[in-house]
Amino acid sequence: MEKASPSHFLWSRRHFLGRAGGATLALASTPAWADVMTRLPLPGGPDERPMTTAFPQKGALILQRTRPPLLETPFEVFDQSVFTPNDRFFVRWHWALIPTEVNIDAFRLAVRGHVNRNLSLSLNDILALPQMELAAVNQCSGNSRGYFQPRVPGGQWSNGSMGNARWTGVRLNDVLERAGVKAGAVQVRFNGMDEATVPDAPDFMKSLAIDHARDGEVMLAYAMNGEQLPLLNGFPLRLIVPGWYSTYWVKMLNDIEVLDQPDTNFWTKTAYTIPDTPNASIKPGEIGVRMVPINRMVPRSFITNIKAGDTLRASAPTLARGIAFGGDSGVSRVDFSKDGGKNWQQAKLGKDEGKYSFRQWQIHFNPADKGDHVLMVRCTSTTGEMQSDTPNWNPSGFMRSVIEQTAVVVA
Amino acid sequence: MFRTLLPIALIAGAAFVSPCAQAQDKQAKEKLLLKSVSVDLPNGDRMFPSKLGSDAVNNNCLACHSAGMVLNQPVLSRSQWKDEVNKMRTAYKAPVDAGDVDAIVDYLVSIRSAN
Chain A
1294 MEKASPSHFL WSRRHFLGRA GGATLALAST PAWADVMTRL PLPGGPDERP
1344 MTTAFPQKGA LILQRTRPPL LETPFEVFDQ SVFTPNDRFF VRWHWALIPT
1394 EVNIDAFRLA VRGHVNRNLS LSLNDILALP QMELAAVNQC SGNSRGYFQP
1444 RVPGGQWSNG SMGNARWTGV RLNDVLERAG VKAGAVQVRF NGMDEATVPD
1494 APDFMKSLAI DHARDGEVML AYAMNGEQLP LLNGFPLRLI VPGWYSTYWV
1544 KMLNDIEVLD QPDTNFWTKT AYTIPDTPNA SIKPGEIGVR MVPINRMVPR
1594 SFITNIKAGD TLRASAPTLA RGIAFGGDSG VSRVDFSKDG GKNWQQAKLG
1644 KDEGKYSFRQ WQIHFNPADK GDHVLMVRCT STTGEMQSDT PNWNPSGFMR
1694 SVIEQTAVVV A
Chain B
274 MFRTLLPIAL IAGAAFVSPC AQAQDKQAKE KLLLKSVSVD LPNGDRMFPS
324 KLGSDAVNNN CLACHSAGMV LNQPVLSRSQ WKDEVNKMRT AYKAPVDAGD
374 VDAIVDYLVS IRSAN
């Protein structure tokens, strides 16, 4: 069985960038741990990034920004297991004032607002509630933004601002019931312990509709893949909103406020909005489009063991494998094409870890004629939603979900 | 790859179990679960590449974020860069002096066109 190179990234030393003019000046002052570079690669560049091991409780990650941290999971990690290890799980913060010490005895979660009883819950109080566990994909709204064309400003992620974990914690609804939600509640707002750098800047908060918050699936997680969360992934408590983009998964959650009026805070109402169009897609330059808060995820799938530029042997039995997820529903089927989408073959699915989880898939195929070929993989969700072969576009670079293409050489 | 989640369940139920089960729970609690955390986060002290306007960028931008993500942006038009700078000022309340905006935008346009 022919298997392509396991690495999805081109590695090089710092001198790789020696000819890159202005970039050299910048790199000259980077710390020693940024010695190893990776290439993403993004159309039109710049696509070199330092690898970093400088962050606590974290292994090697792609450094997108040091402060506040934006750390990307190297894509080869997704070939290694259906769950993303905690120390390789991507990291994304909005504000730089992140508590670096969390005392589990002193920590309190406030539940307040339009409730019968304000609560101040210790971690032991929370642990005493019925436990739930759920596998779910956590994906940044802007995952893969670097592939938008025309390019758009923002975190220039490749495909690694996502991860899949088994989350353990308690139902948000159980916590809300202890407080007693009053009639007339419309939303629930979540705030974490991070703070804005500038005093009058908008604190990072997100809100969910009251019925969504009470659906029995939205949870407060105190463990991730069987261990406490890394601080940078939200220790000690993180909101889990299965099937929805990561922006809602508030980290270091310590304040829950039940609202009797729609939330007007910047992060819920103004930021993280998408065109209210199919696939959140508009034409570049199009204006006057109704915008709505980003919400549920859509299907995606990836080949994880063959990367662009790999050489495959003609007519040799070859394994392609990878991951898929249905967005806010399960994976119904994954189809694979070795000829740029002309013909599709149904792949074999791996173990079902739950409808919100990554699902592994694999297929054996024989690369056909010698020459350049494009491999494609396409996910269909259990609700019948299928990935599109047309890339979506919006000015924020949100919700990329097009069928991925992997150009290979058959020799 | 997962450690068992059972200890969490044991502790969660500890208040409701009989005394004889509690010794077991105590043992489970040790390999359990939540421990206080104290870490250091890297600061990201690299400066913007030195050229005309870099002082304005270093002085106005680095208080809230390190330089890396800015330097990773694709080629953007002057109006896109201006929108970004204005977003920092209006939405994120960055205390950028109005008189520095043009110098910052000029600098950002110049580093990206150099790539």
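One line per chain: the protein sequences are A and B, in this order.
Residues in the first sequence are numbered from 1294 upward in steps of one, following the working numbering.
Residues in the second sequence are numbered from 274 upward in steps of one, following the working numbering.
Cβ atoms here follow ideal geometry from the backbone N, Cα and C, with glycine treated the same way.
(request) Please name the residue in Asn-1457/A, Thr-1346/A, Ala-1661/A whose C-alpha comes closest to that of Gly-1633/A. (result) Ala-1661/A
(message) Quick check on Gln-353/B: does DSSP put it in helix, strand or coil?
(response) helix
(message) Could you tell me the alpha carbon to alpha carbon distance between Gly-1643/A and Pro-1339/A, rounded to whole angstroms?
(response) 36 Å
(message) With a threshold of 9 Å between beta carbons, is Phe-1368/A in contact with chain B?
(response) no
(message) So if I threshold CB-CB distances at 8 Å, which residues from the region 330-342 of chain B count as touching chain A?
(response) Ala-336, Cys-337, His-338, Ser-339, Ala-340, Gly-341, Met-342
(message) Quick check: is the beta carbon of Ile-1290/A nearer than 9 Å to any beta carbon in chain B?
(response) The question about residue 1290/A has no answer here: the residues shown for chain A are numbered 1294 through 1704.
(request) Please list the partners that Tyr-1515/A has in chain B, where partner means a Cβ-to-Cβ separation under 7 Å. (result) Leu-307
(request) Would you mind working out which of Pro-1367/A, Phe-1371/A, Pro-1577/A sits nearest Arg-1652/A, comparing C-alpha positions? (result) Phe-1371/A
(message) I need the straight-line Cα distance from Gly-1447/A to Phe-1441/A, nearest angstrom please.
(response) 11 Å
(request) Just the C-alpha distance for Met-1692/A and Trp-1686/A, rounded to the nearest angstrom, thanks. (result) 9 Å
(request) Might you give, ordered along the chain, the residues of its own chain that have their beta carbon closer than 6 Å to the beta carbon of Ala-1389/A, omitting 5 neighbours on each side? (result) Arg-1360, Pro-1361, Thr-1490
(request) Compare the beta carbon distance of Ala-1347/A and Arg-1405/A with 9 Å and say whether it is the shorter of the two. (result) no
(request) Say whether chain B places a C-beta atom closer than 9 Å to the C-beta of Asp-1467/A. (result) no
(message) Within 9 Å of any Cβ in chain B, is that where the Cβ of Arg-1332/A sits?
(response) no
(request) Name, please, each residue of chain A whose Cβ falls closer than 7 Å to the Cβ of Gly-317/B. (result) Thr-1359, Arg-1360
(message) Ser-1413/A and Ala-1403/A - do their beta-carbons sit closer together than 9 Å?
(response) yes
(request) Can you pull the chain B residues whose beta carbon is under 8 Å from the beta carbon of Phe-1348/A, in chain order? (result) Leu-314, Pro-315
(request) Starting from the beta carbon of Leu-349/B, find every residue of chain A whose beta carbon is closer than 7 Å, and list them in chain order. (result) Pro-1446
(request) For chain A, find out if any of its Cβ atoms is closer than 9 Å to the Cβ of Ala-371/B; answer yes or no. (result) no
(request) Measure the C-alpha to C-alpha separation of Met-1425/A and Met-1512/A and round it to an integer number of angstroms. (result) 8 Å
(request) Return the chain-ordered list of same chain residues with a C-beta closer than 7 Å to the C-beta of Pro-322/B, the five sequence neighbours on each side being excluded. (result) Ile-384
(request) Grab the span of the beta strand (DSSP E) containing Asp-308/B for me, first residue to last. (result) The amino acid occupying residue 308/B in the given sequence is Lys; Asp does not appear at that position. Careful: Lys-308/B lies outside any beta strand (DSSP E) and carries neither H nor E.
(request) Quick one: list the residues of chain B neighbouring Thr-1490/A, beta-carbon separation under 7 Å, in chain order. (result) Ala-336, Cys-337
(message) For Asn-1526/A, count the other beta carbons within 10 Å of its own beta carbon; 16 or more makes it buried, fewer makes it exposed. Which is it?
(response) buried
(message) Using CA atoms only, rank isn't needed, just tell me which of Asp-1621/A, Ala-1609/A, Met-1679/A, Pro-1568/A is closest to Ser-1689/A.
(response) Pro-1568/A
(message) Let's see if you can read the secondary structure: which residues bound the alpha helix (DSSP H) around Lys-1562/A?
(response) 1559-1562
(request) Kindly say whether Gln-1432/A, judged by its beta-carbon, lies nearer than 9 Å to any beta-carbon of chain B. (result) no
(request) Identify which residue in Met-1669/A, Pro-1610/A, Arg-1385/A, Ala-1617/A has its Cα closest to the Cα of Asn-1636/A. (result) Met-1669/A
(message) Whole angstroms are fine: how far does the CA of Arg-1438/A sit from the CA of Tyr-1649/A?
(response) 22 Å
(request) For the beta strand (DSSP E) containing His-1505/A, list its first residue and its last residue. (result) No beta strand (DSSP E) holds His-1505/A; the alpha helix (DSSP H) holding it covers 1503-1506.
(request) Kindly say whether Leu-1427/A, judged by its beta-carbon, lies nearer than 9 Å to any beta-carbon of chain B. (result) no
(request) Quick one: using the 10 Å Cβ neighbour count with 16 as the cut-off for buried, is Lys-1351/A buried or exposed? (result) buried
(request) Give every residue of the same chain whose Cβ lies closer than 6 Å to the Cβ of Arg-1671/A, excluding the five residues on either side of it in the sequence, and list them in chain order. (result) Asp-1628, Gln-1680, Ile-1696
(message) For a contact defined as C-beta to C-beta under 8 Å, what are the partners of Asp-1556/A on chain B?
(response) Within chain B, no residue comes near Asp-1556/A; the closest Cβ sits about 16 Å away, beyond 8 Å.
(message) Taking 9 Å as the threshold (C-beta atoms), are Arg-1332/A and Glu-1365/A in contact?
(response) no
(message) Among Val-1468/A, Pro-1571/A, Thr-1676/A, whose alpha-carbon lies nearest the alpha-carbon of Ile-1549/A?
(response) Val-1468/A
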